[in-house]
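To start, the structure itself, in structure tokens.
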Amino acid sequence: MAIWIEEDAKVLVQGITGKQGMFHADKMVEYGTNIVGGCTPGKGGQTVDLQGMDFPVWDSMTEAIIATDADATVIYVPPPFAAEAIMEAADAFDSIKGEGVVVCITEGIPTLDMVKAVAYVNNRPGVRLIGPNCPGIITPGDTGGAKIGIMPGHIHAKGRIGIVSKSGTLTYEAVAQTMSINEGQSTCIGIGGDPVNGTGFIECLAAFEKDPHTEAIIMIGEIGGNAEQEAAAWAATNVTKPIVGFVAGATAPPGKRMGHAGAIISGGKGTAEEKFEAFRAAGIACAMDPSELGKVLLESLKSAGLR
Amino acid sequence: MNIHEYQGKMLLRAAGVTVLEGVHCTTVEQALSAYDKLGSKVVAVKSQIHAGGRGKGTVMNPATRDVVMEGGVKIAFSREEVDTYSTNILGNLLVTIQTGDEGKLVKNLYIEAGCDIAHEYYLALLVDRDNKSVLIMASTEGGMDIEEVAEHTPELIHKVTVDANSGLLGFQKRDLGMALGLSGSALKSFGKMLSSMYTMFCNEDCAMVEINPLVRTGADEIVALDAKISFDENAEFRHKNWDDLRDLSEEEDTEIRAKETGLSYVKLDGNIGCLVNGAGLAMATMDVIKLYGGEPANFLDVGGGADEEQVKTAFSIILEDPNVKGILVNIFGGIMRCDIIARGVIAATEALSLQVPLVVRLAGTNVDEGKAILAASTLNIHSADDLAEGAQKIVALIGGEQ
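If you read the sequences in order, they're chains A and B.
Convert by adding 9 to the 1-based position in the first sequence; the result is the number in the working numbering.
Convert by adding 41 to the 1-based position in the second sequence; the result is the number in the working numbering.
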């Protein structure tokens with residue numbers, strides 16, 4: 010069990026004929042993800058060789074979903090075309106199945122393109138957008154599983170901890186921390202560090218709370234914006250499972266952009282200190298150093314009587 | 042990416058927003074002929090730097106740091122005053138609340154015609170992360186520090202959220218204008234100005250437009266008296282004109298070079314250089330260094346797929362900072378393989394004949410190969426298994442807590 014993506018989910022790859030798309034599609038197949046083909050406009054009818062097997066390519070997402078009954082798509086399309094790829098996928102999932110998960114890995118999409126794309130996706134309530142500028146989502150299985158994104162598959166194992174994070178490599182750090190105390194993961198989601206994105210913390214927390222196989226949650230935030238504070242306040246009254254938190258950027262100077270477009274403190278709003286305080290006020294156990302996430306998680310599991 | 046006020050006003054004028062006549066100058070002679078050309082008895086002499094608080098700033102001699110004049114924006118009532126103010130400002134430092142103590146060298150001036158001000162307002166357009174849409178903020182308290190207004194009298198800040206599906210609607214412009222107490226022709230002028238500004242915000246891929254003050258003139262016209270505009274750098278690919286608007290002298294040289302190599306670098310004040318993959322992990326690495334008593338010298342994200350060459354460039358950029366007394370490399374390999382990073386680190390250390398202590402923490406893809414490569418080298422590289430150990434080691438190696 011997991012959230013949104015089951016181990017055997019059928020997955021399409023948008024931009025599958027590009028360098029990035031092909032490289033990561035190959036890694037996903039190697040991990041055991043049920044890749045059912047891909048979409049690159051103008052290259053329909055071709056096939057792509059992944060791990061020695063041929064996978065079909067379609068010209069449009071509508072054709073691809075009708076042919077494969079896919080559950081999800083992952084986008085490796087370059088920034089100028091990525092927002093439109095999101096909208097194409099959302100439209101196709103909505104009109105054919107009424108639902109679907111769209112994972113956008115692309116980094117560097119113009120913010121105003123994302124404002125449009127998010128509004129477009131929100132008009133199609135059955136469609137979920139994860140990202141952009143994120144590592145993706147992974148539900149480890151007993152053998153293989155569904156890895157939809159760019160995360161290193163081999164560091165994961167099936168288990169009972171849900172992870173949600175704004176940052177890519179810091180998510181891997183959190184995964185390694187769960188493994189250090191012999192815990193696996195139910196689902197790990199990178200929601201992305203851009204100022205305007207799809208799925209947020211609260212939706213992930215709500216889904217983990219409902220998932221009977223998730224026992225505890227790790228939540229990793231970053232400086233900038235209000236999302237962590239709002240999620241903490243929401244969790245205080247709506248989440249019964251233990252949550253462990255970390256926020257990156259305590260030492261970042263105000264007004265400077267730290268790689269992620271969203272990771273900027275402006276006007277005294279969205280500092281790490283503010284976010285840690287909101288976490289503590291909501292009863293979230295905080296690690297001040299990501300190398301201690303495992304230790305804090307184990308303590309939380311024990312005091313909740315789960316270990 | 043930020044641009045100067047005079048450039049912002051060119052964009053605003055082209056978009057149909059009313060701005061005053063003005064001339065961009067780089068010499069005192071140009072400033073004087075601008076004064077003659079404008080034919081306005083009263084003009085504003087405005088320092089052009091990428092920072093706010095210019096009016097309340099201090100002009101200093103860059104060598105002696107003696108105070109030359111208070112205020113980087115001056116109202117001149119005569120040709121002589123234009124001469125004095127321009128001479129005082131050009132080639133000197135302007136220190137404001139936003140520049141830090143080092144201040145910024147002023148190389149550009151904007152000479153602008155005077156204006157009959159009835160009231161000053163505040164106006165800003167930006168992308169609101171919470172609502173995931175464009176937000177327009179306005180206040181009757183123009184010319185002031187808007188953070189103060191937000192803190193003490195938040196009811197004086199009025200907001201309109203633009204629905205991406207429908208765009209800015211007529212009633213939203215009227216509501217905002219009326220909230221500012223506007224009526225009649227001033228309200229109409231405000232609505233027209235807002236439409237033009239919103240269109241420009243979208244067409245130019247702005248991250249923020251701040252007009253402080255926006256003024257109502259005695260004749261009930263709405264005029265943008267200042268213009269602070271920044272662009273969303275992700276959209277650079279569709280704006281060829283940004284190259285001309287970019288003032289490289291306003292940006293850190295090392296930050297520009299890092300960007301050209303595909304690295305993301307921000308210089309800080311500490312003495313422990315960091316080289317990390319991923320923005321979140323890079324920030325966390327800085328935090329943990331501080332947690333164990335050190336001070337990070339920089340933020341440096343080598344990205345998802347750095348090669349040996351990029352690692353070398355990253356090292357050389359870190360080492361250009363004379364404050365750096367030690368380096369911590371923290372890599373969690375996903376796409377990036379630890380063995381490649383290890384080879385890059387060794388190549389860079391040799392090529393740059395590294396003198397300062399180096400701690401390397403590797404995890405993830407091909408970590409064992411990476412660690413073996415480092416262990417086999419004769420170079421003085423300290424290895425760490427996790428971030429905390431890495432941070433503690435480098436802090437100890439440079440001589441303990443600061």
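Note that beta-carbon positions come from the ideal geometry of N, C-alpha and C, so glycine has one too.
With which residues is residue i paired in a DSSP beta bridge?
i, result
"A/Ile-172", "A/Cys-197 and A/Ile-227"
"B/Phe-340", "B/Val-307"
"B/Tyr-163", "B/Ser-180"
"A/Pro-149", "A/Gly-154"
"B/Lys-115", "B/Val-86"
"B/Tyr-76", "Partner(s): none; B/Tyr-76 has no beta bridge."
"B/Glu-251", "B/Ala-165 and B/Lys-269"
"A/Phe-255", "A/Ile-229"
"A/Cys-213", "None; A/Cys-213 has no bridge partner."
"B/Leu-313", "For the sequence presented, residue 313 of chain B should be read as Ile rather than Leu. Note: B/Ile-313 sits in a beta bridge opposite B/Pro-337 and B/Gly-367."
How about residue i and residue j: do their beta carbons lie closer than 8 Å?
i, j, result
"A/Asn-118", "A/Pro-141", "The amino acid at residue 118 of chain A is misidentified as Asn; the sequence shows Ile. Yes, they are a contact pair."
"B/Ile-439", "B/Ile-313", "yes"
"B/Ala-268", "B/Gly-49", "yes"
"A/Arg-169", "A/His-222", "yes"
"A/Ile-159", "B/Ile-376", "yes"
"B/Asp-124", "B/Val-69", "yes"
"A/Val-111", "A/Ala-99", "yes"
"A/Gly-30", "A/Val-22", "yes"
"B/Arg-170", "B/Thr-137", "no"
"B/Val-64", "B/Ala-75", "yes"
"B/Leu-255", "B/Leu-164", "yes"
"A/Glu-282", "A/Gln-238", "no"
So for residue i, helix, strand or coil by DSSP?
i, result
"A/Ala-236", "helix"
"B/Phe-272", "strand"
"A/Phe-90", "helix"
"A/Gly-62", "In the sequence under discussion, the amino acid at residue 62 of chain A is Met, which differs from the Gly named in the question. DSSP places A/Met-62 in strand when its eight states are reduced to three."
"B/Cys-379", "helix"
"B/Asn-43", "strand"
"B/Ile-372", "strand"
"A/Asp-122", "helix"
"B/Tyr-151", "strand"
"A/Asp-80", "coil"
"B/His-280", "coil"
"A/Gln-23", "strand"
"A/Pro-299", "helix"
"A/Asn-43", "strand"
"B/Gly-40", "Absent from the structure is residue 40 of chain B, since the part of chain B shown begins at 42 and ends at 443."
"B/Leu-210", "coil"
"A/Gly-276", "Low confidence applies here, because A/Gly-276 scores a pLDDT of 47, under 50, leaving its location unreliable; read the following figure in that light. Coil."
"B/His-65", "strand"
"B/Glu-442", "Bear in mind that a pLDDT of 47 at B/Glu-442, under 50, signals an unreliable position, so the model cannot answer this."
"B/Asp-426", "coil"
"B/Thr-202", "strand"
"A/Ser-312", "helix"
Any heavy atom of the ligand FMN closer than 7 Å to the beta-carbon of residue i?
i, result
"B/Leu-61", "Ligands are entirely absent from the displayed structure, and the ligand FMN is therefore not among its contents."
So, at 7 Å on beta carbons, what are the nonlocal neighbours of residue i in its own chain, with the 5 sequence-adjacent residues on each side left out?
i, result
"B/Glu-410", "Cys-379 and Asp-380"
"B/Leu-309", "Pro-337, Ala-338, Asn-339 and Phe-340"
"A/Ala-81", "Ile-14, Ala-18, Val-20, Gly-109, Val-110, Val-112 and Ile-157"
"B/Glu-277", "Trp-283"
Leaving out five residues before and five after residue i in sequence, what residues of the same chain have Cβ atoms less than 6 Å from its Cβ?
i, result
"A/Met-297", "none"
"B/Val-58", "Met-234, Ser-237, Met-238 and Ala-265"
"B/Ala-425", "Val-400, Arg-402, Gly-431 and Lys-434"
"A/Trp-243", "Ile-211"
"B/Gly-93", "Gln-139"
"A/Pro-299", "Glu-182 and Phe-255"
"B/Thr-326", "Cys-315, Val-317 and Asn-371"
"B/Asn-43", "His-91 and Ser-271"
Please list, in chain order, all residues of the same chain as residue i whose beta carbon is under 8 Å from its beta carbon, the five residues on each side excluded.
i, result
"A/Val-127", "Leu-138, Val-205, Asn-206 and Gly-207"
"B/Thr-194", "Glu-182"
"B/His-160", "Thr-181, Gly-183, Val-256 and Arg-257"
Please list the residues of the region 172-190 of chain A that have a C-beta atom closer than 7 Å to any C-beta atom in chain B, keeping them in chain order. Within the region 172-190 of chain A, the qualifying residues are Lys-175, Ser-176, Gly-177, Thr-178, Leu-179, Tyr-181, Glu-182 and Ala-185.
For the region 286-309 of chain A, list every residue whose C-beta sits within 9 Å of some C-beta in chain B, in sequence order. Of all residues in the region 286-309 of chain A, those with a C-beta nearer than 9 Å to a C-beta of chain B are Met-297, Asp-298, Pro-299, Ser-300 and Glu-301, reading in chain order.
Selection of the region 114-126 of chain A by Cβ proximity to chain B, strictly under 7 Å: Contact annotation: in the region 114-126 of chain A, residues whose CB is within less than 7 Å of a CB in chain B are Gly-117, Ile-118, Pro-119, Thr-120, Leu-121, Val-124 and Lys-125.
Selection of the region 352-376 of chain B by Cβ proximity to chain A, strictly under 8 Å: Hits within the stretch, in order: Phe-373, Gly-374, Gly-375 and Ile-376.
Name the residues in the region 143-176 of chain B whose C-beta lies less than 7 Å from a C-beta of chain A; which are they? Answer set for the region 143-176 of chain B: Val-168, Arg-170, Asp-171, Lys-173, Ser-174 and Val-175.
Members of the region 406-423 of chain B that neighbour chain A once the beta carbon cut-off is set at 7 Å: Those would be Thr-406, in chain order.
Residues of the region 193-216 of chain B whose Cβ lies closer than 8 Å to any Cβ of chain A, in chain order: With the criterion set as a beta carbon lying under 8 Å from some beta carbon of chain A, the members of the region 193-216 of chain B are Asp-204, Ala-205 and Asn-206, in sequence order.
Closer than 7 Å, Cβ to Cβ, to anything on chain A: give me those residues from the region 311-341 of chain B, in chain order. Residues Asn-318, Gly-319, Ala-320, Gly-321, Leu-322, Ala-323, Met-324, Ala-325, Met-327, Asp-328, Val-329, Lys-331, Leu-332, Pro-337 and Phe-340.
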